[in-house]
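Below: the structure, in structure tokens.
Residue numbers (this note's numbering): 2 to 401.
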């Protein structure tokens, strides 16, 4: 245990403990998820419990005192949290991504310091996406060398999931040589302002708002050369996309669970069925079988994608990295449609009463539709097709 502003922090030792803790927290987080969404009550207390649980440190390398869990385990942890509340599951997605950045490109001193912060329960947010640029990887935020040997950071970021709750905010920025770097900036840094202006129809409590950076001083020891990650075989994009996939799979599973409960307890049978309960209707039984297969397939693809990442980590080559990226892309392409379909099917199988606004069953569809907009699966399908038909490895750009 260690002390931190969020309370005493547990240190998780292995994969089994990580999964046990995730199941326990998920059961707690599920209880208030519908109400938090309806009232847009930000999950500050829940995130403090997440910090204290030790789950945010499960990817810290063993040499630094972490559990260094398998990617398959990390994906299952995120899926469990997402089935309870996908907002809470999405907030630490960037946290794990930027822990991974430090694993890949951090110096020994940076790793010692920042992994210590993570083990103490401190959270990383993100400030990466920008609006009004040509495309998602066109960055205008600048990291300019200063006379004191450090840097000054200037720019505006949007969709900054988790920044409002973070202790450290990793910022993607271009240095003077136009190379991409990550600057790890403390939440309280002068010149850094976080605006809680996220108003999406779904994922309403992720606080994915705006981060403004005006002449923010950043010491050189808090800057990581992220561009070097993409000069050789890498799993940065595969891990990031694996976690997004886990969120979608969790939403699909939660929608199925709620549909089952509603039909068992509230739905009336269709008069032509001849049965006393909706759960005996053979047409509904058929549809639930189809939906269950969709969820099981999504869960299986997620687990296999996690194993593919683990295999590549054990022997990282261009070929193993490509295989991992394609496995994750396949899981994401499938989970995207499954989440939206399952979230819509809640109403199809449950009937008119399920559309009552106060039940807030529509949060599953709003969350699925919003989160799946993160990056288009049509391009993943393209890369899968090129890989299968022509043996073309996917590009190294962090979104595969």
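Every residue, glycine too, gets a C-beta built ideally from N, C-alpha and C. Bear in mind the structure is a predicted one, so any value in this text is a computation, not a measurement.
The residue among 37, 251, 308 and 218 with its C-alpha nearest the C-alpha of residue 328 is 308. Residue 175 is positioned such that its CB atom lies closer than 8 angstroms to that of residue 144. If only uninterrupted alpha helix (DSSP H) runs of at least 4 residues are considered, those enclosed by the segment 331-391 are 364-372 and 378-391.
A residue is called buried when at least 16 other Cβ atoms come within 10 angstroms of its Cβ; residue 215 does not meet this threshold and is exposed. In the DSSP assignment, residue 283 falls within the unbroken alpha helix (DSSP H) covering 283-315. With a contact defined as Cβ atoms closer than 8 angstroms, residue 170 and residue 128 qualify at about 5 angstroms. Cβ neighbours of residue 157 within its own chain (closer than 6 angstroms, five residues either side excluded): 213. Following the DSSP letters along the chain, one finds residue 248 inside the alpha helix (DSSP H) bounded by residues 237-266. By the neighbour-count criterion, in which 16 or more other beta carbons inside 10 Å mark a residue as buried, residue 331 falls on the buried side. When DSSP states are grouped into helix, strand and coil, residue 101 belongs to the helix group.
For residue 270, there is no enclosing beta strand (DSSP E), as DSSP marks it with neither H nor E. Take residue 324, set aside five residues on each side of it, and the residues of its chain with a beta-carbon closer than 7 angstroms to its own are 309 and 313, in chain order.
Within the segment 29-90, the alpha helix (DSSP H) runs of at least 4 residues that lie entirely inside it are, in chain order, 34-40, 45-54 and 72-85. Around the beta carbon of residue 286, fewer than 16 other beta carbons lie within 10 angstroms, which makes this residue exposed.
Residue environment analysis places residue 113 among the exposed positions, since fewer than 16 neighbouring C-beta atoms fall within 10 angstroms of its C-beta. Residue 161 places its beta carbon less than 8 angstroms from that of residue 209. Here residue 15 has 68 and 70 as same chain residues with Cβ atoms under 8 angstroms from its own Cβ, once five neighbours each way along the sequence are excluded.
For residue 151, the CB contacts under 7 angstroms within the same chain, skipping 5 residues up- and downstream, are 218, 219, 220 and 221 in chain order.
Using a C-beta cut-off of 8 angstroms, the segment 102-109 makes no contact with the segment 342-352, since fewer than three inter-stretch Cβ pairs fall below that distance. Check the Cα spacing between residue 184 and each of 190, 177, 193 and 172: the tightest is with 172. Counting only the Cα atoms, residue 13 lies some 6 angstroms from residue 55.
For residue 185, the pairing in a beta bridge is given by DSSP as 171.
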